[in-house]
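Protein chains: 2
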Amino acid sequence: MHSFTEENYLKSIYHLLLSKDSATTNEIAAAIGTKAATVTDMLKKLAEKKLINYARYQGVSLTEQGRKSALVIVRKHRLWEYFLVEKLQFKWDEVHEMAEELEHITSVKLIDRLDEFMGCPRFDPHGDPIPDAQGNFKQHESLQPALLLSKGQCAKIAGVTDHSASFLQYLEKSRLTLGQTITVTEVSNYDLSVMVEPSNKEFNISHEVAKNILVLL
Amino acid sequence: MHSFTEENYLKSIYHLLLSKDSATTNEIAAAIGTKAATVTDMLKKLAEKKLINYARYQGVSLTEQGRKSALVIVRKHRLWEYFLVEKLQFKWDEVHEMAEELEHITSVKLIDRLDEFMGCPRFDPHGDPIPDAQGNFKQHESLQPALLLSKGQCAKIAGVTDHSASFLQYLEKSRLTLGQTITVTEVSNYDLSVMVEPSNKEFNISHEVAKNILVLL
DNA sequence: TCATAAATTTAGACTAATCTAAATTTAATA
DNA sequence: TATTAAATTTAGATTAGTCTAAATTTATGA
Ligand SMILES: [Mn+2]
Ligand SMILES: [Mn+2]
Ligand SMILES: [Mn+2]
Ligand SMILES: [Mn+2]
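For the record, the sequence lines run as chains H and F.
So for the first sequence, the working numbering puts the first residue at 1; every next one is plus one.
So for the second sequence, the working numbering puts the first residue at 1001; every next one is plus one.
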């Protein structure tokens, strides 16, 4: 099995590879909160174990085995987050750190039972897809930043790209939570005016905020 | 906070001190599955942190702070075991290893919410008392080994002193589980004959087994 | 293309937890 | 009580993960 540390590296690399097909030493160091020299050492070890494809100075990608291992960790992380929110009543901005620890609990039987106990949810509290036991998952189709909506359009909030507690708390306070329907009433150079159902009170959100809210038409 | 390893030492020392008022280096080594020399190093560190009372060659005991920390870990271990059995349908012989990992999840808020979620159970799946958030707990009164029962006596199974998977599986198979009432029908030099409600079929258990079953009259 | 900057790797060192082997202290007993 | 045995500690080494500082490679852009 992989160590706690190795698992964190695999997960970070997996996330970095969602937007590009190679991750750099510095990016990984930033994601994990460590130094580049430390990352280099670990990359050698992960390559040795055939979990990543690595050539000096050339960045890394995951092997099939590495991707599989990463998906197990992502599955655990998101299922625990779901548990914390749905069963233990935590708010969506409170669960990340706990899930960071829980994702390393080894038993696969435990996570499969947990999955079943909760009715096999397909998305975590932040709208991210939860891989099944085989590592398969489906992202929402045609998910897009709220920023792309034009005046008069109406869409349902289904995800976020910023997972920071402060952003999530801001959304919570503004009732911009998952499942809410928003209607764009005005678009300016600086912000959008939106209404959130069911209160239908109008208010403004910045472009920066609208960029980090993902919606479905 | 304490490291994963420090927590395991504190918990082991706590358990050893249940039957005596001082634990030795070798006992701790055996409990943790490590070597005496390794234990000595760790004892120095724990003494440094004022978690144990330690004088070279003289064995150790827990300080008030050390006992408090140990009880937090015991609380976590037993609450997670309860969760695994009552919510995820694991059998009582399957949960120990998973709880060994889960007990190290740091968040106190998480464990308190879990406690609440399950209705604040007072005993774990093996009949061991679960400390509350303040570290208080009550053992069953007048708990005794089934071995002490005499012919004709009737009592309720409320605990075990052997927590091994094989012993627990044996009890499960014989329906000698928590809450069952047993009646002693015969006592010989080699074993006891008992009947278990509600089936009331008679069968024999060895003295060794009877020693490890705890009952309430 | 070539000098410089940025990214990455290497070298050498540190800490926590572990081990084996040797030395020391305590306990047992003849 | 003197000897031996058992328990414990010390000494010295190892491994995983981390760091800083220096060396190397790659990328940039004049
Ligand atoms: Mn983690
Ligand atoms: Mn999430
Ligand atoms: Mn443990
Ligand atoms: Mn238990």
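All residues carry an ideal CB built from backbone N, CA and C; glycine is no exception.
Cβ-heavy atom distance, residue i to ligand 2, below 8 Å
{"i": "residue 122/H", "result": "no"}
{"i": "residue 125/H", "result": "yes"}
{"i": "residue 1078/F", "result": "no"}
{"i": "residue 128/H", "result": "yes"}
Short Cβ contact (9 Å threshold) for residue i with residue j
{"i": "residue 61/H", "j": "residue 88/H", "result": "no"}
{"i": "residue 1124/F", "j": "residue 1171/F", "result": "no"}
{"i": "residue 15/H", "j": "residue 31/H", "result": "yes"}
{"i": "residue 192/H", "j": "residue 204/H", "result": "yes"}
{"i": "residue 1182/F", "j": "residue 1217/F", "result": "no"}
{"i": "residue 115/H", "j": "residue 133/H", "result": "yes"}
{"i": "residue 49/H", "j": "residue 6/H", "result": "yes"}
{"i": "residue 184/H", "j": "residue 211/H", "result": "no"}
{"i": "residue 1028/F", "j": "residue 1003/F", "result": "no"}
{"i": "residue 126/H", "j": "residue 81/H", "result": "yes"}
{"i": "residue 1059/F", "j": "residue 1034/F", "result": "no"}
{"i": "residue 190/H", "j": "residue 163/H", "result": "no"}
{"i": "residue 90/H", "j": "residue 1175/F", "result": "no"}
Any non-hydrogen atom of ligand 4 closer than 8 Å to residue i Cβ
{"i": "residue 1219/F", "result": "The requested residue 1219/F is not part of the displayed model; chain F covers only 1001 to 1217."}
{"i": "residue 1099/F", "result": "yes"}
{"i": "residue 1075/F", "result": "no"}
{"i": "residue 1081/F", "result": "yes"}
{"i": "residue 1104/F", "result": "no"}
{"i": "residue 112/H", "result": "no"}
{"i": "residue 1162/F", "result": "no"}
{"i": "residue 15/H", "result": "no"}
{"i": "residue 1093/F", "result": "no"}
{"i": "residue 1096/F", "result": "yes"}
Rounded Cβ spacing between residue i and residue j (contact assumed at less than 8 Å)
{"i": "residue 1143/F", "j": "residue 1159/F", "result": "6 Å"}
{"i": "residue 1046/F", "j": "residue 1135/F", "result": "Contact flag wrong, Cβ pair sits at about 18 Å."}
{"i": "residue 202/H", "j": "residue 195/H", "result": "5 Å"}
{"i": "residue 76/H", "j": "residue 51/H", "result": "In fact, because the Cβ distance is near 17 Å, the residues do not count as touching under 8 Å."}
{"i": "residue 1085/F", "j": "residue 1074/F", "result": "With 8 Å as the limit, residue 1085/F and residue 1074/F do not qualify as a contact, their Cβ atoms being about 17 Å apart."}
{"i": "residue 10/H", "j": "residue 69/H", "result": "5 Å"}
{"i": "residue 1165/F", "j": "residue 1155/F", "result": "Contact doesn't hold; Cβ gap of about 25 Å is too wide."}
{"i": "residue 137/H", "j": "residue 129/H", "result": "4 Å"}
{"i": "residue 1093/F", "j": "residue 1168/F", "result": "4 Å"}
{"i": "residue 1063/F", "j": "residue 1053/F", "result": "6 Å"}
{"i": "residue 1157/F", "j": "residue 1139/F", "result": "About 15 Å; that fails the 8 Å criterion."}
Sheet register partners of residue i (DSSP bridge)
{"i": "residue 23/H", "result": "60/H"}
{"i": "residue 1214/F", "result": "1145/F and 1159/F"}
{"i": "residue 204/H", "result": "193/H"}
{"i": "residue 52/H", "result": "62/H"}
Task: Contained beta strand (DSSP E) runs [length at least 3] in the segment 1160-1195 of chain F, N- to C-terminal order - done: 1181-1187
Task: Residue ranges of each alpha helix (DSSP H) within the segment 89-166 of chain H, 4 or longer - done: 96-102 and 108-117
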